[in-house]
Structures are given as structure tokens and as C-alpha cells.
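Number of protein chains: 2
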Amino acid sequence: MTPQSASAQAHAARATSPAAAASSAESAAHAPSPSTALLTDQYELTMVQAALASGAAGRRCVFEVFTRHLPAGRRYGVVAGTGRLLEGLAAFRFGAAEIGWLRSRGIVDEPTLEFLADYRFSGDIHGYAEGEIFMPDSPVLRVEASFAEACLLETYVLSVLNHDSAIASAASRMTVAAGDRPCVEMGSRRTQEFSAVASARAAAVAGFTATSNLEAGRRWGLPTLGTAAHAFTLLHDSEEEAFQAQVRAFGPGTTLLVDTYDVETAVRRAAAIAGPELGAVRLDSGDLVEQAGEVRALLDSLGNTGTRIIVSSDLDEHAIARLQSAPVDSYGVGTKLVTGSGSPTAAMVYKLVQRTDDDGATVAVAKNAPGKSSVGGVKHPLRSLDGSGRAMAELIGVGAAPQTNGQRTRELMVPLVRGGVVAEEHVGEVGVANARRRHAASLAELPPAAKRLQDGDPVLPTIFS
Amino acid sequence: MTPQSASAQAHAARATSPAAAASSAESAAHAPSPSTALLTDQYELTMVQAALASGAAGRRCVFEVFTRHLPAGRRYGVVAGTGRLLEGLAAFRFGAAEIGWLRSRGIVDEPTLEFLADYRFSGDIHGYAEGEIFMPDSPVLRVEASFAEACLLETYVLSVLNHDSAIASAASRMTVAAGDRPCVEMGSRRTQEFSAVASARAAAVAGFTATSNLEAGRRWGLPTLGTAAHAFTLLHDSEEEAFQAQVRAFGPGTTLLVDTYDVETAVRRAAAIAGPELGAVRLDSGDLVEQAGEVRALLDSLGNTGTRIIVSSDLDEHAIARLQSAPVDSYGVGTKLVTGSGSPTAAMVYKLVQRTDDDGATVAVAKNAPGKSSVGGVKHPLRSLDGSGRAMAELIGVGAAPQTNGQRTRELMVPLVRGGVVAEEHVGEVGVANARRRHAASLAELPPAAKRLQDGDPVLPTIFS
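Residue numbers (full-length UniProt numbering), protein chains in the order written: chain P, 1 to 465; chain B, 1 to 465.
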């Protein structure tokens, strides 16, 4: 969906004729929430008011999104949220309800309300493709538009990218640690209900194979999984009755949770009830390394050589790495994934780096605040590669292409929005699939040190020129 | 809005006549997103299917929400999200779109889809009032209904309470550290866009006086604040022009951001342009303690004795405590607030503790998993108080009122939902105001050690009987 098509819908929603309303109600079932425009900080709107008054609102501006540092010890970050951002951009509209509320609160004046009512982002956005690896100072997004148009997006852009990139960056370490074993996202109960949906998507970008979250399954076609919790066993008069009920409902290929009472008894019971076709058993507590070995041996001795072992229970990348030596078939990851494994936000900022003056000439701008200074001018990033295609460095040219000294390089910036029109390959199910491929390819290109879980420096140097 | 009234809306939304659709479209502008029912884990639905098949779905169940431990070093936790949860409960409906998607994926069978299509929570919910202090094992929520009705809510309940309680628990330490100085929530850019809205609300429960987040202002009537970012200064040809533009737009009572270039120059400029009526200056970088003192002296020397100093820049409760000795008037808190100051989730779980058997007799149930065992039976909490009204302990009776040994006690559980009908005093603007009062009163009741920021044990012992 492009901003243009959403614009038509927004107009339809504001119309009062029954026919128009009916068409709007029909599409509402599949649309995201009506407007994303108030998911923002008040200062974005007051800056627009002051800039409209000063005459500077129309100056052509370039804002860049970047982080000054990776979380302590991390080797790389993963860009995520780009697709969600572009989907939400289509709904970034100040409709009658939003305008009415702003007016009732007196937050901005009438000329500003008129500007907001007509607001449609008409500028250009470039950025690292979703799933791409980033380093400190990588310009992961570049927004070009009038000051008023670009300024308004700051909060929304950062909310989406900071969250989703934090989750994908943690998820990537987990899938790296898990190697060929599938990781399943099951953290919905440990994060805000809509962050849960976004987390499932970000995890998919970084290689998770499925999620427990149904809304994420619906929105982006992600595979979903889930069978039973301990409550299901406790509900029944015995573990045996609970297992029988589950196998009757879902067949022997289901996953039985075997640690409600005694694991060994439960595994024997599960094998007896479901037979050799039992799909999997899940362990959710205890010392999983030791237990997985015991359960594997027991299953094999019972003839359940094809029954898989799924483990969950506060797993993070380090726990997964330790479990790689145990006969585990897949990992269910919850809390540590949706909280970014210690780094719940990606520390990205949205900074004005270039604007025009009254004569239309471009001026590079930067602030000078201690510890928060920025580099003025538009950044042009390339990733340099050695002869075998191994990534070597993040080359960033300021105001022009970077010096490459003849090295092989790869382009990092791709067009995401041109003249307000969203590039379709980055949104929806296709967007997630493309981001997942991009992540796998970019990760494969990194030096081997990228896969170390120990604390260390960013795996690629960022070189300005 | 009660579940009943929302139910009527949901039916209207599914109707296809233009008149019904028009009525639905009109209300849509003020309604939350159409359905919250897919903001859930798949296993909640598959458990319902298996329980419907086994005949156990109708067993009357009691689920309790509690945490086994506070975040390391924390003295207390703050219940938050209850009002949001009750607001979302009204929209926890499987409409045609949700049912259609579940069917297309084959996630549950037709009898289960029929059950879901008719789903209206008709049970009872009690809990700690929002804003109340909790300790390890405090039963902060109790859901009583058939297994199928109560099971379905697990993920949604935990998503809301785990997030909002984590934020409120961090926010409470910040407002405690800030004493009489106002704290303003400005973390939207560092967390997921809807978590930002919820964070603003949770911070208000814990005593924050305002938020930068507009959607939170709209939904719950929270005071909102915001003036300008560094980009506004950089947009103009000089800092002087930027300050003039802002003062023209918002009057001299505005807040000017003075650390884009040189703080001393900027403060002199701000005072010269806005005069003695200048509302405030904001510092967003550097060593704030030293700088606040210098800026205060400078402002006073310029005759701006009434101009306030607002500081922001990665503040947490410890930074605020350090700044209490500096002449700072209010704190803007962002990243550390919305990420729970190191503890982004409250580790609450939703556990079946009692059910009926086939004869209708109640049975206390508990699992036995290592490190995750639970105590069966319904918990009855009271807070014991000494003669002066100081909180002494969390008394928890299992299956009956706790032993009080003649101590004075205070009731902690309040009715939130009765027979599916939400108690209105817990939702909307009124709900936030009541929660804020509850938090202030419960905090004031705690022993002085509760206000220590150093790591320590929970300030009240939890005593089972």
C-alpha cells in the first residue's frame, strides 16, 4: 500500500455518506490502526509551528538516522523495522479526530493545524535494506524533504527502528549461536502487546523460523507455532489424561510438555500415549544440557528415535551456545529475545545534517553538544570487501562518495520512498522475506569474529572520508 | 466502556448494511484497534481446542498473576497496566477477520472457531489496584472463569502487566529520587511506538507530571509537553534566529534548548531575546551538575531569576539523585524510563492454581518444575501495618485469609471485573488518576528503606500462611 492509496482511504473514512463509510468499514478489517500520526512527541509539532512562522519550514532538509555506538561488547547490529515503518507511513495522517484533539488542547495554532490536515509525506527516503548489518555511525536511514515534512517523522521513525533493530540484533546472535537448529520466538508474554508483534517480525528478519504470536502470523504471513502450557496438564485429573486429550486433538505429531511433574515419568507416558510418531517433547525448566541428554537416551530406548526435543526457559545466545553440545532439536526463546538480550533499544538518533538556505544553497549542519556532537553533511556509505567477498570496513563519505582506494565495495543505500511513493518490495510479507535474505547474505559476508559471543569491538571499522 | 457495549460495537462492525457500517465508522475514530484477540500466543487457542475435546474446557478455574522475584536489588514493584488491560478486554473479540484468518491457517478446528466467535469474557477478575506496591509472590491479579475463558487471556494479560509494571516500577524510583521536582516522560523515540504510549501512562501512574507523547495525552488526558530539538536551531541561519522564531511562536514563557553550540552564549542570547519572562532553558548534554550551577548563576546575574532549568540526557534514578544537589527545576527522562532502567519486563507469570473436578469440587493445583514450582490454591493477600500505619509485611493466606496475629491489615484485592462487566473506576482518565493516588498512598506507607536506590532486598517480607 502506498501513501497515496492510504490517502484515498483516509479521505473515505472522513466522509459521512453511508456508502463511503461502508467502503471504509470493509477495508478497516485489514488496515492497521487508523492513524499513526499521534504516535509522536509534541515537540515535532511545535517545531513545525515555529518553523512555519519563521519561514524556514520549507527549507529542503536531509535527516539521517544512525547510532553513535553499538551496545557494549556487540560486534554488529541488524537494521530492522524498515518495512513496518513504511507500512505505518501510509497511515501517518492527521484526520479529523487527531486535528480536533490537537485543537482542543491548543497544542499548535490554526495555520499549523491546516498544514497537518493536508500532511502527506512527499519526500524521498533511502536507507540500508532491512536485515542489513550496521556499524557505529552507519547512516541507516536518510530522509529528504522540507523541514516540516521530515521533522514530523522523527519520533515515529526512531520508535520503530530503535525497537525492531534492538530485537533483530539480539535475535541474530541467537540464530548464529543455534547454527542449523531452528529458533522459535515465544516472548509475547514478556513485552508490551504490540512490541510482541513487532518482535516476532524482527526475529524472523534475523532468521527465527516461527513465532507463537498470532497477530504477527496474520500481518506478515509468519509461520506460527504453539501447543500447550503447564496449565493444560494441571487442568486435567492426571498428566495421562492431559496428554491423551492433546494427542486426540492434534495427533501424535504434537509437542508434549513434559516437566509439569516428573520428567522421566512424563516422557515414558508421552511415548506410550503417542507412540513412535510423537512429534516432540518440550523441556521448560531445570538444567537443560543434562536433561536433554537423559531425555534423548530415554526416547531412543523407547523407540522414539524420531521424536524431537524442544527446549525453552529463559534462553539467550549464551544458553543456546552451551546447549549446542546437547541433543536439542530446536530452541524456544522468549524474554531475552523481546528485551534485546540486555540492550532493549538500539540508541539510534535522527539528526539534521544538511539544509538549504534562503538562496537554495545547501549547508551542512552539525551540533556541538559535548558527547553528542554530530558530523554535518550527507553521508554516502559503502561496504568494502576483500577479493573473496569478505567484508572489510564501513566506508562513509561525507558529502561525496567515500574514498575506496581501489577496493571492491558494495552499495548499502537503497531507495525506500520516492516522492512519497513506497517501494513495494520492502513492505508486507515480501518485505520480511527480502529482509531475511538480506540479513543472511550480509551476515555470511562478515569476518568470522562477528560470530563470537564474547564482548568485543565492532567487527568492521567505520572509516570516514 | 464495558465488554458488553464493545460487544454491541463488534456486532455492528460485522454487519454489512450501510447504516450499520456508518455507525461503526463514526465510533472507530475513538475506539482502540478493532480487536485485541490475536495479540496472543497460539498455544492459548490450541489448549482451548484440546480442552473442548476432552470436556475439561468448562471446568471453573482460578488463574493468578505474580512474580517469583523482583529485579535484582529492587526494593518493591508497582502494579501498572490494569486500566489498559480492562480497556483492551472490551476489544478481545474474535471477529470475522480473525476467525477467517485462523480458519485459513488451520490453527484450530471448527468447534473451536465457533467457541471463539462467541467469546465474551464472562468471569470475574480481582487484583491489586493499579498503582499498588507489590512484592515477590503478591497475587496481583486473579482471573476466575471457565478454563477456556480464562486461558485465552493469559498472553494479553501478561503482555500488558509485564510491560507497564516494569516501566512504573522504574518510574517510581525516579520520582522518589526527584522528590518535589517534576519528572517529565520523554522516551517515545527509544521504544516501540505503542510501548511509548503505554510507557507514558505507566510513568504517570508512578508520579510523572507530563509526557511528550501525544497519543498518551489523547487517550488518557495526560498533560503533554514539548518545544524544540537541536534540529530546530540547526535549521535556522543562526541560533539567534532560531530562538527569535520560537519566542515569536510560543511567547517568552517557552523552553529554549541551549546546548546546540556553546551553552554560555546560548543562555545570554536566550535571556536577551525572551527577557526576564523566559520560561526555561533545557540542557541535554555534558556534566549536568556543574553546568546547572553555572547556568543558574548566569541566569540570575542576567535578571532571569524566574527562568527554570530543565535537564535531560540519559537520566536514570541515580543520575537524578546526583542532580538533586544542583539547581535543577525538572527532569526529562527518556531511554532509561522506557526500558525499565535495566529491567524491561516484570517477570510476572499467569498460573492455574485451582480448578473444579467433574463433581464440581475445587482442587488446588501446582506444577513441580525445578525453579518454577508454584503454590496451589487461591491466595488471599493483606498488607500488615504497624500502629502508625507503616507497612510491615505482605501476608498471603493460601486457600483462606492469612494469619494476622492481631496485626492491623489493609485489603489489597479489589474487584475489577464482575460477570464480565468492568468496574469503571479503573479505566480511562479516571483510572489513571485513581492509580496515581493509589501509588502515592501505598508508597508513603512503606518503610523508609524503600526509598534507597542501592541494591537491597524487597522492603517487605512475604509471609505465607
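Don't be surprised by glycine CBs; every beta carbon is placed ideally from N, CA and C.
Check, Outcome
"Run of the beta strand (DSSP E) containing I125(P), from where it starts to where it stops", "124-128"
"Distance, P139(P) Cα to R181(B) Cα", "38 Å"
"Contact check, G73(B) vs M413(B), beta carbons under 8 Å", "no"
"Own chain residues within Cβ distance below 6 Å of A31(P), not counting five before or after", "At A31(P) the pLDDT is 38, less than 50, meaning the model places this residue with poor confidence and gives no usable figure here."
"Cβ-Cβ distance between A249(P) and V258(P) below 8 Å", "no"
"Inter-residue Cα distance where the pair is V459(P) and L161(P)", "21 Å"
"CB of A347(B) within 8 Å of CB of R75(B), strictly", "no"
"Listed by chain order, chain P residues near Y128(B) by CB distance under 8 Å", "Those do not exist, as Y128(B) stays about 19 Å from chain P at its closest Cβ, beyond 8 Å."
"8 Å Cβ cutoff met for A198(B) and R269(B)", "no"
"Per DSSP, the bridge partner or partners of V333(P)", "E185(P)"
"Rounded C-alpha distance that separates G303(B) from E277(B)", "10 Å"
"Minimum Cβ-Cβ distance from Y76(P) to chain B less than 8 Å", "no"
"Under 8 Å between C-beta atoms of Q246(B) and A50(P)", "yes"
"Below-8 Å beta-carbon distance, D457(B) vs any chain P residue", "no"
"3-residue-minimum beta strand (DSSP E) runs that sit fully inside the region 336-384 of chain P, ordered along the chain", "348-356, 362-364"
"Sufficient close CB pairs (3 or more, under 8 Å) joining the region 106-121 of chain P to the region 398-413 of chain P", "no"
"Which of helix, strand or coil DSSP assigns to T211(P)", "strand"
"Cβ neighbour criterion (16 or more within 10 Å) applied to Q42(P)", "buried"
"Under 8 Å between C-beta atoms of F194(B) and F94(P)", "no"
"Rounded C-alpha distance that separates V338(B) from R103(P)", "28 Å"
"DSSP bridge partner residues for A280(B) (one or two, in chain order)", "T255(B), R308(B)"
"Start-to-end residues for the beta strand (DSSP E) that takes in F63(P)", "60-67"
"Residues bridged to T462(P) [DSSP beta-bridge criterion]", "E394(P)"
"Residue 479(B) vs S188(P) beta-carbon contact at 8 Å", "What the structure shows of chain B is the stretch from 1 to 465, and residue 479(B) is not part of that stretch, so it cannot be assessed."
"Closest residue to Y261(B) among Y331(P), N368(P), A321(P), V378(P) (Cα-Cα distance)", "N368(P)"
"Pairwise C-alpha distance: G406(B) and L395(B)", "12 Å"
"Boundaries (first-last residue) of the beta strand (DSSP E) holding R408(B)", "408-411"
"First and last residue of the uninterrupted beta strand (DSSP E) at L141(B)", "141-146"
"Alpha-carbon spacing of E290(P) relative to M174(P), whole angstroms", "21 Å"
"D41(P), DSSP secondary structure in three states", "strand"
"Chain B residues whose Cβ lies nearer than 9 Å to that of V160(P)", "Q192, E193"
"Alpha helix (DSSP H) segment containing L116(P), residue limits", "110-117"
"CA nearest to the CA of E411(P), picked from I133(P), L315(P), P327(P)", "I133(P)"
"Among D287(P), L256(P), L288(P), R282(P), nearest to I273(P) - alpha-carbon criterion", "L256(P)"
"Contact under 8 Å by Cβ, A177(B) with A206(B)", "no"
"Contacting residues, own chain, Cβ-Cβ under 7 Å from G293(P) (five flanking each side not counted)", "A326, P327"
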